[in-house]
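A short write-up of the structure that comes next.
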Amino acid sequence: MKWIAITLVTCIFFCSCDRPECHNTNPIFDKYQPDEKEYKAELVKYLKKENTDYSYWIHSYVNKDGRDYLRVYIQNKNLCAQGLIHFTDSAKILAHFKAVKGVSYRGAELSGLKYHIAEDSGKIEIEFIGLKDIID
Numbered sequence: 109m110k111w112i113a114i115t116l117v118t119c120i121f122f123c124s125c126d127r128p129e130c131h132n133t134n135p136i137f138d139k140y141q142p143d144e145k146e147y148k149a150e151l152v153k154y155l156k157k158e159n160t161d162y163s164y165w166i167h168s169y170v171n172k173d174g175r176d177y178l179r180v181y182i183q184n185k186n187l188c189a190q191g192l193i194h195f196t197d198s199a200k201i202l203a204h205f206k207a208v209k210g211v212s213y214r215g216a217e218l219s220g221l222k223y224h225i226a227e228d229s230g231k232i233e234i235e236f237i238g239l240k241d242i243i244d
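Heads up: the sequence shown runs through residues 109 to 244, numbered per the numbering used here.
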């Protein structure tokens, strides 16, 4: 009986702490990497659409060219992609995330994520604005 309880608790723990499964159907997301111009441009098309219900899940921490990024899964019923969201030290809620290089947050959901899409001379950046909570 004890092993049934342990198995049940373990299953609930692992099932509740991970993002919902999704499958990409867009060939651009297969052909390019999330930091490439073509991938970012395609992702922005989705993100700019009105009335979308995206969920965001932490993949990893990335430091590229001296800049800090959250690599996140971005998904809903029509999208299964990854994005790089630039954040600065002023983002206090992410200070611990940066300190541990995101390791202990892998798979956590970002609740109430707010960002700005900056497009300048063909360069696209998703800039972090705010976050309600990290649900780990």
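All residues carry an ideal CB built from backbone N, CA and C; glycine is no exception.
Thinking C-alpha only, which one of the options is nearest residue i?
{"i": "residue 149", "options": "170, 136 and 161", "result": "136"}
{"i": "residue 155", "options": "170, 191, 179 and 177", "result": "191"}
{"i": "residue 176", "options": "235, 139 and 244", "result": "235"}
{"i": "residue 224", "options": "168, 127, 166 and 195", "result": "195"}
{"i": "residue 244", "options": "232, 238 and 166", "result": "166"}
{"i": "residue 145", "options": "188, 168 and 226", "result": "226"}
{"i": "residue 171", "options": "221, 157, 153 and 193", "result": "193"}
{"i": "residue 220", "options": "168, 214, 241 and 230", "result": "241"}
{"i": "residue 233", "options": "127, 178 and 215", "result": "178"}
{"i": "residue 214", "options": "168, 133 and 127", "result": "168"}
Report the partner residues of residue i according to the DSSP bridge assignment.
{"i": "residue 189", "result": "182"}
{"i": "residue 227", "result": "232"}
{"i": "residue 175", "result": "172"}
{"i": "residue 194", "result": "177 and 235"}
{"i": "residue 241", "result": "219"}
Does DSSP put residue i in a helix, a strand or coil?
{"i": "residue 218", "result": "strand"}
{"i": "residue 138", "result": "helix"}
{"i": "residue 154", "result": "helix"}
{"i": "residue 162", "result": "coil"}
- Message: Across the stretch 152 to 163 and the stretch 184 to 195, are there enough close Cβ pairs to call them in contact, namely three or more that are closer than 8 Å?
- Response: Flag = yes, the stretch 152 to 163 and the stretch 184 to 195 touch.
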